[in-house]
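With the first letter of the sequence shown counted as 1, position 47 gets the number 47 in the UniProt record's numbering; the numbers rise by one all the way through.
C-beta atoms are modelled at their ideal positions from N, C-alpha and C, and glycine is treated no differently.
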Amino acid sequence: PLLDNTKEKLSQFCHVPLDNILNIHDVPNIWHVPLLLRNQNGHHSILKQLNLLSKIAPPDLRDWTKMAETFDNLTTSVRIAMVGKYVGLTDSYLSVVKALLHACIACSLKPAIDWIAASDLEDESAIANPGAHAAAWKSLKFGGYNIT
């Protein structure tokens, strides 16, 4: 978190009201960020700037808080094998990973995703890279995955 004197300097040199300088520091998971903002009255600052302060009720983040705390306390893992063409670039599958994360949270499970290159499963890979081919198939067959 920012120290008060740091916030004062930012306010002075950036010409931003002190109340509009918010701390968004590292948190255990992304769902804590709106809670941080609420605790610092970030919604108040935004609504004030938009002249909507008297028109909108304070945010009710009880369900959001529950979800953030649920994620913090997940202990049981579910192993998931993801086979894909671009496993070196996991952002390629970001929407799938996020969907799995949300589904796992709804089931009170922590996802553990193992990435397997689709090319390592192809017959050509058995000749070009037999070690990777064997390891990929062994992982799929005997990896103990709950979902593949």
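Pair within 8 angstroms by beta-carbon distance, residue i and residue j
{"i": "Leu47", "j": "Leu53", "result": "yes"}
{"i": "Pro34", "j": "Trp64", "result": "yes"}
{"i": "Ala132", "j": "Asp120", "result": "yes"}
{"i": "Ile24", "j": "Leu10", "result": "no"}
{"i": "Ala68", "j": "His102", "result": "no"}
{"i": "Asn5", "j": "Val78", "result": "no"}
{"i": "Lys7", "j": "Ile30", "result": "no"}
{"i": "Ser45", "j": "Asp19", "result": "yes"}
In DSSP terms, what residue i is bridged to
{"i": "Lys110", "result": "Ser77"}
{"i": "Met82", "result": "Trp115"}
{"i": "Ile24", "result": "For Ile24, which the question treats as bridged, DSSP gives no partner whatsoever."}
{"i": "Ile147", "result": "Ile80"}
Exposure label - residue i; buried when at least 16 CB within 10 Å
{"i": "Ala112", "result": "exposed"}
{"i": "Gly42", "result": "buried"}
{"i": "Ile80", "result": "buried"}
{"i": "Cys107", "result": "exposed"}
Close beta carbons around residue i, own chain, < 6 angstroms, minus the five adjacent residues each side
{"i": "Asp72", "result": "Pro28"}
{"i": "Ala136", "result": "Ile116, Asp120 and Leu121"}
Residues of its chain near residue i, where Cβ-Cβ distance is below 7 angstroms and the 5 sequence neighbours each way are ignored
{"i": "Ala118", "result": "Val83, Gly84 and Lys85"}
{"i": "Thr70", "result": "Ile105 and Ser108"}
{"i": "Gln40", "result": "Leu22 and Asn23"}
{"i": "Tyr93", "result": "Met82 and Gly84"}
Which listed residue (the options) has its alpha carbon closest to that of residue i
{"i": "Thr76", "options": "His32, Leu109 and Glu124", "result": "Leu109"}
{"i": "Pro17", "options": "Val96, Val97 and Gln49", "result": "Gln49"}
{"i": "Pro58", "options": "Asn129, Phe142, Arg38 and Lys138", "result": "Arg38"}
8 angstroms Cβ shell around residue i - same chain, five flanking residues per side excluded
{"i": "Ser139", "result": "Ala81, Asp114 and Ile116"}
{"i": "Ser125", "result": "Ser119, Ala132, His133 and Ala136"}
{"i": "Pro1", "result": "Asn23 and His25"}
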